[in-house]
Amino acid sequence: MTPLQQLIDQIRQEERLPDVVSGRCVHEIVEMASCSSCVDVCPQHAWSLDDEALRLDTALCDGCGLCMPACPEGAISIRYEILIGDWEKRKIVLCACEKAGISRKDGAIPCIHIVGTKDILKLYRNGYSEWVVATGRCTECMRNSGAKLSERVDQINSALSVNTITPISYRRLSSCEWQRISSLWVEDHAASRLSRRGFLQGMIEGSLRPTSALFNLHEGETDEYTTPGELLPTKDESTVWPYVPQFDAVQCNGCDACVRLCPHGAIDLNDTGERMYYSVEPQLCSGCGICVDICNAQAISVNKWSKPKHRDVALERMKCSCCGNQVHVPTVSRVRSQQHCRICAQVNHHKNLYQIVE
Numbered sequence: 001m002t003p004l005q006q007l008i009d010q011i012r013q014e015e016r017l018p019d020v021v022s023g024r025c026v027h028e029i030v031e032m033a034s035c036s037s038c039v040d041v042c043p044q045h046a047w048s049l050d051d052e053a054l055r056l057d058t059a060l061c062d063g064c065g066l067c068m069p070a071c072p073e074g075a076i077s078i079r080y081e082i083l084i085g086d087w088e089k090r091k092i093v094l095c096a097c098e099k100a101g102i103s104r105k106d107g108a109i110p111c112i113h114i115v116g117t118k119d120i121l122k123l124y125r126n127g128y129s130e131w132v133v134a135t136g137r138c139t140e141c142m143r144n145s146g147a148k149l150s151e152r153v154d155q156i157n158s159a160l161s162v163n164t165i166t167p168i169s170y171r172r173l174s175s176c177e178w179q180r181i182s183s184l185w186v187e188d189h190a191a192s193r194l195s196r197r198g199f200l201q202g203m204i205e206g207s208l209r210p211t212s213a214l215f216n217l218h219e220g221e222t223d224e225y226t227t228p229g230e231l232l233p234t235k236d237e238s239t240v241w242p243y244v245p246q247f248d249a250v251q252c253n254g255c256d257a258c259v260r261l262c263p264h265g266a267i268d269l270n271d272t273g274e275r276m277y278y279s280v281e282p283q284l285c286s287g288c289g290i291c292v293d294i295c296n297a298q299a300i301s302v303n304k305w306s307k308p309k310h311r312d313v314a315l316e317r318m319k320c321s322c323c324g325n326q327v328h329v330p331t332v333s334r335v336r337s338q339q340h341c342r343i344c345a346q347v348n349h350h351k352n353l354y355q356i357v358e
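Each residue of the sequence shown is one higher than the one before, starting from 1 at the first, in full-length UniProt numbering.
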């Protein structure tokens with residue numbers, strides 16, 4: 001291999017390394033975060049997590065991109081593109097695995113499973129409800145780990161069916177059939193390249209009507225973060241949400257840690273003067289799991305693709321019978337029955353406050 005070819009290969013490899021927006025990572029927000037999504041899904045074991053840091057071994061990373069959709073906060077991104085366009089008055093998305101034997105590079109990505117739920121929903125909201133894919137032999141591929149693109153489509157379709165909304169079509173074609181369709185779109189001219197921000201702006205303005213374009217899967221630090229729930233076409237009481245925080249009001253001690261640390265306000269504390277309550281906004285939940293990690297009462301869980309059992313958790317003000325502090329707890333909380341605040345409920349009040357422990 002010539003030095004020039006080595007340099008080209010090195011540049012290409014570096015282009016495929018993930019960009020990481022460290023400020024979005026849950027481990028930057030909460031030290032006790034347990035999220036290991038990128039570590040678990042990486043087929044090359046390039047990601048590692050210990051008590052000190054989350055690390056990426058760039059020598060092991062092959063740029064497969066599976067860590068992108070796995071990250072709940074969109075902290076990991078690589079510059080890959082898929083092909084979108086109009087076909088017989090239908091809006092179609094074309095993407096193919098690079099191991100499918102596709103000679104044309106437009107729309108070809110390392111693995112079709114790097115397309116996340118948010119990408120599918122963003123395209124669906126602008127009318128792209130038909131997916132045409134080509135793959136290699138997935139069952140024999142070491143990248144065949146984690147959630148699959150077809151599974152994400154099925155999950156979204158199950159949610160859409162509740163409101164009898166047109167489902168997403170998913171078709172797998174042979175490499176020859178896929179390439180024939182893509183060749184009709186992309187000829188001698190380069191397709192328009194659309195960033196996530198540009199795509200959403202075009203959607204809002206109603207001016208996005210290209211014959212073909214390349215939709216960028218990359219999400220940078222300057223791109224506005226949206227949760228999957230915010231992208232669903234309907235938002236009412238019957239909606240099935242991608243992520244739903246759920247309170248166990250009996251176990252909850254009213255510490256408000258979940259409210260303070262939720263990065264998107266999916267859990268909030270409301271006080272009208274007459275009524276105080278926790279509210280759950282499932283459309284704002286990213287599934288990051290921070291609320292679960294920081295709850296020392298194990299009172300919160302996050303359910304996937306479900307309806308919330310209770311959107312509100314009623315709170316009651318009370319005065320701790322031990323320390324005299326004013327606190328609030330769920331009306332059915334075990335702490336309320338003891339008439340203790342969450343601190344006093346955990347200590348032995350028969351001992352002196354300043355007792356020396358030997």
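Glycine included, C-beta positions come from ideal geometry on N, C-alpha and C.
The beta carbons of V244 and P282 sit closer together than 8 Å.
Inclusion of S145 and V39 in the CB contact set at 8 Å is not warranted, their separation being larger than that value. Each of D154, Q326, W178 was checked against the Cα of P167, and the nearest Cα belongs to D154. Residue pairing for H328: DSSP places it in a beta bridge opposite R317.
By the CB criterion at 8 Å, Q251 and Q298 fall inside the cutoff. For P69, the enclosing alpha helix (DSSP H) has its first and last residue at 67–70. In the structure shown, the three-state DSSP call for R180 is helix. DSSP, reduced to helix, strand and coil, places G23 within a helical segment of the structure shown.
For G63, the number of other beta carbons within 10 angstroms of its own is at least 16, and it is reported as buried. Closest by C-alpha distance to V240, out of L217, S306, W185, is S306. Close CB contacts of C138 within its chain, under the 7 Å cut and outside five residues either way in sequence, are with N144 (chain order). Exclusion of the five residues before and after E221 leaves V21 as the residues of its chain whose Cβ lies within less than 7 Å of its Cβ. It is roughly 14 Å from the alpha-carbon of V30 to the alpha-carbon of P72.
P263 is positioned such that its CB atom lies no closer than 8 Å to that of L121.
As a beta-bridge residue in DSSP terms, I82 pairs with F215.
The beta-carbon distance between Q246 and N296, rounded to whole angstroms, is 17 Å. This is too long to meet the 8 Å contact definition. Under the three-state reduction of DSSP output, V250 falls in the coil class, being neither helix nor strand. The distance from the Cβ of C25 to that of L54 is about 7 Å, consistent with a contact at the 8 Å cut-off.
In this structure, V280 keeps its C-beta atom at 8 Å or more from the C-beta atom of P242. Taken in chain order, the complete alpha helix (DSSP H) segments of 4 residues or longer contained in the segment 85–161 are 117–125.
Under the three-state reduction of DSSP, I76 is assigned to strand.
Nearest to C35 by alpha-carbon distance, out of N126, Y170, D50, Q44, is D50.
If you draw a 10 Å sphere on the C-beta of T272, you find fewer than 16 other C-beta atoms in it, and that means exposed. Put simply, of V93, E88, Y278 the residue whose alpha carbon is nearest the alpha carbon of Y128 is V93. The C-alpha of S337 is placed about 20 Å away from the C-alpha of D312. Across the set V327, N325, A249, the C-alpha of A249 shows the shortest separation from the C-alpha of A314.
Taking the C-beta atoms as reference points, I82 is found no nearer than 8 Å to G116. Excluding five sequence positions before and after H328, the CB atoms of its chain that fall closer than 8 Å to its own CB belong to G254, M276, L315, E316, R317, M318, given in chain order. Annotated as distal: A75 and L60, with beta-carbon spacing of 8 Å or more. Counting only residues of its own chain and dropping the five nearest sequence neighbours on each side, D57 has a CB closer than 6 Å to the CB of A46. If you look at R172, you'll find it in the beta strand (DSSP E) that goes 169–172.
Boundaries of the alpha helix (DSSP H) around I290: 290–294. Around G265, the same chain offers E281, L284 as residues with beta carbons nearer than 8 Å, after the five sequence neighbours per side are excluded. Following the DSSP letters along the chain, one finds R336 inside the alpha helix (DSSP H) bounded by residues 334–338.
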